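Residue numbers (the working numbering): 2 to 179.
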């Protein structure tokens, strides 16, 4: 299973001790963007606009194909040998006009965090609090304005969720006299 950590920085891995290397910063950006909505099919045109808005259409689509190839290569090189998992489904699903992450093949800290934060159970809220290690993609930046605007919106959204988690935990501890 592909594990993606987006809170407090970026890390992706298939095995506990081996981080994935993609060779392109924009490949990481694509993975992060897709990870926040697993199983949501993203039009390639949206990724082109997000990451290559200053380029012409043909050049931007070519750059997207190269970034997706870098993603596939990084995933393939980190995957267990074919004999270990011959029929393992792929985490990255791309079609002619769309790209997605298969939710059943990925574990994403930010998605787990958001799900746990919706609970009123103290154990779930504590687990959410433990997952929030910092801002979304902390320290990650690209010179593409559409990507940076998206990133800032998502960072703010997740900060608000983290604040809500802390408020809920505080209220529950106060009610318990702790």
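Backbone N, C-alpha and C define an ideal beta-carbon position, used for all residues, glycine too.
The structure presented is a predicted model; accordingly, all values stated were derived computationally and were not measured.
Cβ-Cβ distance between residue 30 and residue 102 below 7 Å:
Counting from 1 along the chain shown, the entry for residue 30 is found at position 29. Counting from 1 along the chain shown, the entry for residue 102 is found at position 101. No, these two residues do not count as a Cβ contact at 7 Å.
- Query: Between the C-alpha atoms of residue 84 and residue 91, what's the straight-line distance to the nearest angstrom?
  - Reply: Residue mapping note: residue 84 aligns to position 83 of the chain shown, counting from 1. Residue mapping note: residue 91 aligns to position 90 of the chain shown, counting from 1. Model confidence at residue 84 stands at a pLDDT of 39, short of 50, so the residue's coordinates are unreliable and nothing is read from them.
Alpha carbons only, please: which of 34, 41, 115 is nearest the one belonging to residue 72?
Within the chain shown, numbered from 1, the residue matching residue 72 stands at position 71. The shortest C-alpha separation from residue 72 is found at 34.
May I have the straight-line CA-CA distance separating residue 63 from residue 121, to the nearest angstrom? For the purposes of this step, residue 63 is identified with residue 62 of the chain shown, where counting begins at 1. For the purposes of this step, residue 121 is identified with residue 120 of the chain shown, where counting begins at 1. Cα atoms of residue 63 and residue 121: separation of roughly 46 Å, rounded to the nearest angstrom.
**Prompt:** Based on Cα-Cα distance, which residue from 11, 58, 170 lies nearest to residue 137?
**Reply:** The residue given as residue 137 occupies position 136 in the chain shown. Nearest C-alpha to residue 137: 11.
### Task
Identify every run of the alpha helix (DSSP H) within the region 117-163, keeping only runs that are complete inside it and at least 4 residues long; order them along the chain.
For the region 117-163, whole alpha helix (DSSP H) runs of length 4 or above, ordered along the chain, are 123-132.
Q. Straight-line CA distance for residue 44 to residue 98?
A. The residue given as residue 44 occupies position 43 in the chain shown. The residue given as residue 98 occupies position 97 in the chain shown. Cα to Cα, residue 44 sits roughly 6 Å from residue 98.
- Is it the case that the Cβ atoms of residue 39 and residue 107 are separated by a distance below 7 Å? Within the chain shown, the letter at position 38 stands for residue 39. Within the chain shown, the letter at position 106 stands for residue 107. Yes, the pair counts as a contact, with Cβ atoms nearer than the cut-off.
Exercise. What span of residues does the beta strand (DSSP E) with residue 95 cover, start to end?
Worked result: Mapped onto the chain shown, residue 95 falls at position 94. Per DSSP, residue 95 belongs to the beta strand (DSSP E) from 93-95.
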